[in-house]
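Worksheet: one structure, shown below.
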Amino acid sequence: MAVARTAAVAAWVPCRSWGWAAVAFGPHRGLNTLLAPMPRRAPRWLPACRQKTSLSFLNRPDLPKLAYKRLKGKSPGIIFIPGYISNMNGTKALAIEEFCKSLGHAYIRFDYSGVGSSDGNLEESTVGKWRKDVLSIIDDLAEGPQILVGSSLGGWLMLHAAIARPEKVMALIGVAAAADGLVTRFNQLPVEVKKEVETKGVWSMPSKYHEEGVYHIQYSFIKEAEHHCLLHSPIPVSCPVRLLHGMKDDVVPWHTSMQVADRVLSTDVDVILRKHSDHRMKEKADIQLLVYTIDDLIDKLSTIVN
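Numbering (the working numbering), first residue to last: 464 to 769.
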């Protein structure tokens, strides 16, 4: 089975010209499988690619309905956790879905409450509410062990999910993981700017990734987010952790991933830095690295289970 899956990976991504540096934290196989030469075999996974996902909604008492798309398949399953105000239809989310189809593994992507196709009001959203969204997906939809892939703010929330559900979360992959990100960035503002935001109740944070060129973030959102900061103390996560980060990231410094690696209790941690990648990490080589990392963890977890 491992050989068949390796062949699928090789067929899915024919090119492996990356430029990155990996930093390993702790004794483990790490990227040995990822770096091993891929055998040239005929792919056996083509029928799985015919499976299609349809939009569904998770009903929750007294909470907004969450929009999601799910693939049924083998364990461990993969769950993609989006970035701030990002939806389930981003480049990375869709690429991982195609990859999971090729391997026949279970996969879930979803929208936070107040975002995309989910119910709820964005202005009333908080980190705490989105944390509940992630836990709802894990508790009510995911079957068996899971690998969480968190992008940007999703990387912050995946850590919270691993802390809250250690029996189901078997591994983490952070892509430009923004642990404590918005709080850290706000605290770095000049005192007079922070006072102005507090008075107005809204922080207009410049961003080249928003069509308006700015995110309008409620001051109450920042204050609530302070209750979910993790980097000030050891993070009780003991599962394998992989942190991918672009060194050209001008939103979340790559040093944040180094901080996460230092804080988590796990001894099985890799930080992989891509020299020329930006915050979104959605270029072809970035996606290749991401799916190889997922495959390496699937192989690792399968070995542990067996």
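A virtual CB, placed ideally from N, CA and C, is assigned to each residue, including glycine.
Length of the line joining the Cα atoms of A625 and G676: Residue mapping note: residue 625 aligns to position 162 of the sequence shown, counting from 1. Residue mapping note: residue 676 aligns to position 213 of the sequence shown, counting from 1. Distance between the alpha carbons of A625 and G676: 33 angstroms.
In or out: S696 buried (at least 16 other Cβ within 10 Å) or exposed? The sequence position of residue 696 within the sequence shown is 233, counting from 1. It is exposed - the Cβ of S696 has fewer than 16 other Cβ atoms within 10 Å.
P539 to L566 span [Cα, whole Å]: As a working note, residue 539 is residue 76 in the sequence shown. As a working note, residue 566 is residue 103 in the sequence shown. Distance between the alpha carbons of P539 and L566 is about 11 angstroms.
Straight-line Cα distance separating E659 from R572: One-based indexing of the sequence shown puts residue 572 at position 109. One-based indexing of the sequence shown puts residue 659 at position 196. One C-alpha to the other measures close to 37 angstroms.
Using alpha carbons as the reference points, say which of V704, P669, V700 and K592 lies closest to L635. Counting from 1 along the sequence shown, the entry for residue 635 is found at position 172. Looking at the Cα atoms, V704 is the closest of the given residues.
Which two residues bound the contiguous beta strand (DSSP E) that contains L620? Here residue 620 corresponds to residue number 157 of the sequence shown, with the count starting at 1. It is not in any beta strand (DSSP E) - L620 instead sits in the alpha helix (DSSP H) that spans L616 to A627.
Roughly how many angstroms separate the alpha carbons of N495 and T662, rounded to a whole number? By one-based count along the sequence shown, residue 495 stands at place 32. By one-based count along the sequence shown, residue 662 stands at place 199. Note on N495: pLDDT 47, under 50, position unreliable in the model; the coordinate value appears next. If I take the Cα positions, the gap works out to 53 angstroms.
CA-CA distance, A642 and G591? Position 179 of the sequence shown, counted from the first residue, corresponds to residue 642. Position 128 of the sequence shown, counted from the first residue, corresponds to residue 591. Approximately 14 angstroms between the Cα atoms of the pair.
State the Cα-Cα distance for the pair Q609 and P629, rounded to the nearest angstrom. Here residue 609 corresponds to residue number 146 of the sequence shown, with the count starting at 1. Here residue 629 corresponds to residue number 166 of the sequence shown, with the count starting at 1. Going by the C-alpha atoms only, they are around 10 angstroms apart.
Please report the straight-line C-alpha distance between L497 and P524, rounded to a whole angstrom. Against the sequence shown, residue 497 aligns to sequence position 34. Against the sequence shown, residue 524 aligns to sequence position 61. Because the pLDDT at L497 is just 46, under 50, the model does not fix this residue reliably, and the point stays unresolved.
Between the Cα of W666 and the Cα atoms of F649, E674 and P653, which residue gives the shortest distance? Here residue 666 corresponds to residue number 203 of the sequence shown, with the count starting at 1. Answer by Cα proximity: F649.
Is the Cβ-Cβ distance between L693 and L622 less than 8 angstroms? Here residue 693 refers to the residue found at position 230 of the sequence shown. Here residue 622 refers to the residue found at position 159 of the sequence shown. In this structure, L622 lies closer than 8 angstroms to L693 by Cβ.
Just to confirm my understanding: we take I600, look at its own chain, exclude 5 residues before and 5 after, and list those with CB closer than 8 angstroms. What are they? For the purposes of this step, residue 600 is identified with residue 137 of the sequence shown, where counting begins at 1. Closer than 8 angstroms at the Cβ level, and outside the excluded window around I600, lie L521, L529, Y531, I542, I571 and F573.
At the 8 angstroms Cβ level, is D596 part of the contact set with chain C, yes or no? Within the model displayed, chain C is absent; a lone protein chain is all it includes.
According to DSSP, residues forming a beta bridge with A530: Position 67 of the sequence shown, counted from the start, is the residue given in the question as residue 530. BP columns for A530 point to F520.
Are V770 and I548 closer than 8 angstroms when you measure CB to CB? There is simply no residue 770 to check, as the chain begins at 464 and stops at 769 in what is shown.
Put Y682 into one of helix, strand or coil per three-state DSSP. In the sequence shown, counting from the first residue as 1, residue 682 sits at position 219. In this structure, Y682 counts as helix in the three-state DSSP scheme.
What does the Cβ neighbour count give for Q651, buried or exposed, with the cut at 16 atoms within 10 Å? Working through the sequence shown from its first residue, we reach residue 651 at position 188. Q651 comes out exposed.
DSSP three-state label for S740, please. Numbered from its first residue, the sequence shown carries residue 740 at position 277. It is coil, neither helix nor strand.
Taking C-alpha atoms, which residue in L736, D731 and L728 lies nearest to T719? Your numbering for residue 719 matches position 256 in the sequence shown. When only C-alpha atoms are compared, the closest one is L736.
Tell me which residue opens and which closes the alpha helix (DSSP H) that L645 is part of. On the sequence shown, position 182 is the one that residue 645 refers to. Per DSSP, L645 belongs to the alpha helix (DSSP H) from G644 to N650.
Taking the beta strand (DSSP E) that I542 falls in, what are its first and last residues? As a first step, residue 542 is located in the sequence shown; it is residue number 79 there, counting from the start. Looking at the DSSP string, the run of the beta strand (DSSP E) that includes I542 is K537 to I544.
At the level of alpha carbons, what is the spacing between K686 and A640? Here residue 686 corresponds to residue number 223 of the sequence shown, with the count starting at 1. Here residue 640 corresponds to residue number 177 of the sequence shown, with the count starting at 1. Whole-angstrom Cα-Cα distance: 20 angstroms.
Whose C-beta lies closer than 6 angstroms to the C-beta of V638 among residues of the same chain, with five residues either side of it excluded? Here residue 638 corresponds to residue number 175 of the sequence shown, with the count starting at 1. Once the five neighbours on either side are set aside, the close Cβ partners of V638 are S614, L707 and M744.
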